[in-house]
Structure formats: C-alpha cells, structure tokens
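Notes for the one structure printed next.
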Amino acid sequence: INKLENNFRFGKNLLNALFEEYLVIGEFPEPLKEKYLPENVGPYLALIEEKIVEQDIPKLYSIKMVDVLRLIFNYCQKHCGSIVEYGNLANDLGIDSKLTRRYLNYLEKAYLINLCLNETKKPIRSARTGKKVYLESTNMAMVPMSLRVENYVFNLLKTKGEVKFYRFKDFEVDFVLRTENEVLPVEVKYQEKINSSDYRNLIKLAKIKGAGRAILVSKNLKDKVIVDGITLEIIPAVMLEKQFSPLAFLS
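Numbering (the numbering used here), first residue to last: 57 to 307.
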C-alpha cells in the first residue's frame, strides 16, 4: 500500500491514465491477451453484447421483442448512475411497465446490469422506489469518465457488503455500504478539485446514520480530516481497492 501511495504521489497522471484506460477497455482478458489495438476493443465488446442481448437472453426466456430488450440495455449503457423509473422508461419505449421491469430483470440475471436500491427505513418501500442502474462492466458504458468511475466504485463496494444509494427529496449521497462492522457513506467526486460543498451531504448522512467515518472518492486528492466529529477519508479512485484490502486496516 505504501508503494502504491508513493507511486501515486510521483506519477498520479500516469496511474490515472492507466486506470481510466482499464475502465474503458481493460476488463476483458481476451483483448489484453491478444494485444488488441484500442480501436479494435469496441467491435469486440459489441459482439459480446450482441450475443448476450440478442441471442442468449431471448433464447433462455423465449423473448420475441428482442429490439425492445436491446433498447433497454442501450438505455442502461447511456444512463449509468441514473435512477430508473419503470413507468417513465416504459412510456418512452411505448411498452408496458411490467414488461420493462421483466426485461430489466433478465438483463440483471445475465450479469449485464445491476439495480441499486434506495436506502429507506422500510425495505418494502425501498424495493418499490426508483433504482439506480449500473453496468457489470464499465467497458460497456457510454457515459463520461466521472460516471464510469462511479460505476466502478459501486461494483467494488458490492463485493464488500450491501450497497444502496441515499436520496430523500433534494438530499442525495451516492452510496451507503453496510457490512457486519459498520455503515459507511461513500460519495464519488472524480474531479480535479475538492471543495467543502462536495462532502457536505456526506457528513450530514454520516451523522444521520451514526457512522464514525465516511469516504469521498476523488481523482487526485488523498487526505484524512475530521469534519464535525466525522472522520472523512478522501481517497483517489485508483487507490480505492487497496483501501478495502485486509492490509489497509493494519497501516
């Protein structure tokens, strides 16, 4: 971990460039093994998407409206981190909301997308409210880098515990991670500079949840400060996975 921190301190631009390249074209082994040129990775991913969305899923679930399934997946690709309302999406596509829900469920079972629930006091209400959509692979996303990073953070957090987002009226925080040991609010701000306004809601939610710490995922800044009694850990996205390794808790 100390080696990674030293490398980031002296070569953060290079590490961020490699990290961003990984989020765009680096998650599948074949292009790396066969040393694909970057411009050839897109067609390779398109073939995988076509096989799963237009062949495998329709065959498994006897789907006739394959074009609609493709449209729904394309919507997910272009709206990572956005809240999906079944009724609104169904109206946009001109189909039944139950069919929309069912097709999204098929995409989730095929490990193409993940639906993130809202953190509410009542589990039943959480399941009924709008859900955020993320892709299983950031390589398939069609969004700006900041949203690819948010997607990456979600995928990492869900391997550590239960992950939801928090939204109440105009008050929103990207993620709430629940493990056996703690409740951890997490906000993603993959940008050049961090201001106090970027973590205001994060600190507020930490107080609401009785959390002792919160994490702000940054692009370049690494720091640890106390804000209103809450330990705020600011961690560059490229270093986040190391933060959750067992050794991180010994450093």
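Cβ atoms here follow ideal geometry from the backbone N, Cα and C, with glycine treated the same way. Here the structure is a predicted model, which is why all the values come from computation and not from measurement.
Going along the chain, which residues of its own chain have a beta-carbon closer than 8 Å to the beta-carbon of Asp152, five neighbours each way excluded? Same-chain partners within the cutoff: Ala146.
Note down, in chain order, each residue of its chain lying with its Cβ closer than 6 Å to the Cβ of Val219, except the 5 sequence neighbours on either side. Leu213, Phe231 and Leu233
To which residues does DSSP link Tyr222 through a beta bridge? Val229
Would you kindly check if the distance between the Cβ of Gln133 and the Cβ of Met196 is under 7 Å? yes
Report the rounded CA-to-CA distance for Phe224 versus Glu141, giving the unit in angstroms. Between the C-alpha atoms of Phe224 and Glu141 there is a straight-line separation of about 16 Å.
Where do the N-terminal and C-terminal ends of the beta strand (DSSP E) with Lys280 fall, by residue? Asp279 to Val283
Indicate the three-state DSSP secondary structure (helix, strand or coil) for Lys187 in the structure shown. strand
Where does Val199 sit, in a helix, a strand or coil, going by DSSP? In the three-state reduction of the DSSP assignment, Val199 falls in the coil class, being assigned neither a helical nor a strand state.
Output the distance between the C-alpha atoms of Glu297 and Tyr167, rounded to the nearest integer angstrom. 21 Å
Selection from Asp284, Asn69, Met198 and Ile104 that minimises the alpha carbon distance to Asn130: Met198
Alpha carbon of Thr55 to alpha carbon of Thr176, nearest angstrom: With the chain covering 57 to 307 only, the question about residue 55 has no answer from this structure.
I think Phe210 touches Asn257, with their Cβ atoms under 8 Å apart; what is that distance to the nearest whole Å? With 8 Å as the limit, Phe210 and Asn257 do not qualify as a contact, their Cβ atoms being about 17 Å apart.
Nearest candidate by alpha-carbon position, reference Pro241, set Ser252, Ala267 and Glu248: Ala267
Just to confirm the assignment, what range does the alpha helix (DSSP H) spanning Leu163 have? Secondary structure note for Leu163: its alpha helix (DSSP H) is the uninterrupted segment Ser153 to Lys165.
Please say whether Leu203 and Gly98 have beta carbons closer to each other than 7 Å? No, the Cβ-Cβ distance between Gly98 and Leu203 is not below 7 Å.
Ile113: buried (16+ other C-beta within 10 angstroms of its C-beta) or exposed? buried
Can you give the Cα-Cα distance for Leu125 and Leu93, rounded to whole angstroms? 30 Å
By Cβ distance below 6 Å, which residues in the same chain neighbour Ile128 in space, the five residues on each side in sequence not counted? Tyr159
Alpha carbon of Val80 to alpha carbon of Glu248, nearest angstrom: 20 Å
Residues that DSSP places opposite Val140 in a beta bridge: Answer is Lys187.
Write down the C-beta distance between Asn174 and Tyr190 rounded to the nearest angstrom, noting that I regard them as a contact closer than 8 Å. Actually they do not touch by this definition, with Cβ atoms about 14 Å apart.
Taking the alpha helix (DSSP H) that Ala102 belongs to, which residues open and close that run? Pro94 to Lys107
So is Lys188 buried or exposed if we call it buried at 16+ other beta carbons inside 10 Å? buried
Sheet register partners of Cys132 (DSSP bridge): Cys132 pairs with nothing; no bridge assigned.
In terms of DSSP beta bridges, what is Glu289 paired with? According to DSSP, residue pairing for Glu289 in a beta bridge involves Ile271 and Lys280.
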